[in-house]
Amino acid sequence: MHNLPPDTSFLLHSRYTQTQQLITQLHAKTAQHPDAARQQLALALDWMLRAHYAQRDREDGPYPNHPLRVALHVLQQFGEQNPDVIMAALLHDTVEDQAEAIVALAAVSNPATTPQQQALSVLATQFGTRVAQLVGYLTNPDFSVLVKEAAANGRFVTRNTLYLDHIIHLYEQDSEAFLIKLADFWQNAGHLYRVTDGQRQENLRRKYGPVMTWIIDTLSQLDDPAHRLFAHKEDVVQAFTAVYQRDYHP
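Here the sequence shown stands for residues -10 to 239, numbered as in the working numbering.
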């Protein structure tokens, strides 16, 4: 049985002061949404907070701060107002990291499927098929398994190569999912300075550097005015280029 907090009263603890501030910002940015949308957003927020409650802290604080920052990035930097996209941003790590928690929150179980499949089914039922679809797209595959499968077929690939392939596929697959991934990637790769462990920082540099280069090159060449990111490409390229030169340039 997955141990979950019964509610979000744990936010009253002083360690969650910044989390509360981020939640206040989120409420302010979504205050103009219709009541039904705000109710769903509130539920998505509740589930995210409880699902990630026991997850190991990141360099930027308690884990829930990360999906909150991703959702706020989508709202503030990209001007996204679609509730489905905002909910998916909040929930983007739940299936990958806390699938069993999501299933436990819904109090359902289907032993015939994997925890991730069950969690996606739960999200579809609770928040709609589009939210579940976006979260599914944003859920990383098991790169370790893919590396072993490739080796069994006589091919040598690395986890970092597969990660880049996943990002490229996401860009080609769904512009809204990529929008969330871009915000997620910025919160990870754009703040490498927060990582104090030297070896971990170097490992992340090798993982994120090629992706950052690809993002800069791809968005620099984006010439389709209808693309969701076209209006933001110059800001993204400028920001990513500055970070690349600061943290990733050989």
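We treat Cβ as the ideally placed atom computed from N, Cα and C, and that holds for glycine.
Tell whether a beta-carbon distance below 8 Å holds between residue 232 and residue 171.
-> no
Counting pairs of beta carbons, one from the segment 87 to 104 and one from the segment 195 to 208, are three or more of them closer than 8 Å?
-> no
Terminal residues of the alpha helix (DSSP H) in which residue 125 lies = 118 to 127
Nearest to residue -4 (by Cα), restricted to the options 42, 185, 22, 24 | 42
Distance between residue 142 and residue 8 (C-alpha atoms, nearest Å) = 46 Å
Would you mind sorting residue 77 into buried or exposed? The rule is 16 or more other CB atoms within 10 Å of its CB.
-> buried
May I have the straight-line CA-CA distance separating residue 0 from residue 63, to the nearest angstrom?
-> 23 Å
Mind checking which residues open and close the alpha helix (DSSP H) that includes residue 195?
-> 187 to 209
Residue 147: first and last residue of the uninterrupted alpha helix (DSSP H) it sits in | Per DSSP, residue 147 belongs to no alpha helix (DSSP H) and is neither H nor E.
8 Å Cβ shell around residue 18 - same chain, five flanking residues per side excluded | 61, 64, 65
Between 34, 45, 188, which lies nearest to residue 59 when the distance is taken from Cα to Cα?
-> 34
For residue 27, which three-state DSSP category applies?
-> helix
Is any heavy atom of the ligand ADP found at a distance shorter than 7 Å from the C-beta of residue 78?
-> Although the ligand ADP was asked about, the structure shown includes no ligands whatsoever.
Test item: CB-CB of residue 95 and residue 122 under 8 Å = no
Compute the Euclidean distance between the alpha carbons of residue 2 and residue 50, then round it to the nearest angstrom.
-> 13 Å
In chain order, what residues of the same chain have a beta carbon less than 8 Å from the beta carbon of residue 139, not counting five sequence neighbours either side?
-> 145, 146
Helix, strand or coil at residue 58 [DSSP, three-state] = helix
What whole-angstrom Cβ distance do residue 161 and residue 217 have, given they're in contact under 8 Å?
-> Rounded, the Cβ-Cβ distance is 13 Å, inconsistent with contact.
Can you give me the start and stop residues for the alpha helix (DSSP H) that residue 164 sits inside?
-> 164 to 178
Identify the continuous alpha helix (DSSP H) that holds residue 79 and give its terminal residues.
-> 72 to 80
Excluding five sequence neighbours on each side, which residues of the same chain lie with their C-beta closer than 7 Å to the C-beta of residue 11?
-> 54, 57, 58, 61
Excluding sequence positions up to five away, which residues of its chain have a Cβ less than 7 Å from the Cβ of residue 14?
-> 61
Does the Cβ of residue 223 have 16 or more other Cβ atoms within 10 Å, making it buried, or fewer, making it exposed?
-> exposed
Please confirm whether residue 158 and residue 127 have their CB atoms less than 8 Å apart.
-> no
Apart from the five residues just before and just after residue 125, which ones in its own chain have a Cβ nearer than 6 Å to its Cβ?
-> 109
Helix, strand or coil: how does DSSP classify residue 39 here?
-> helix
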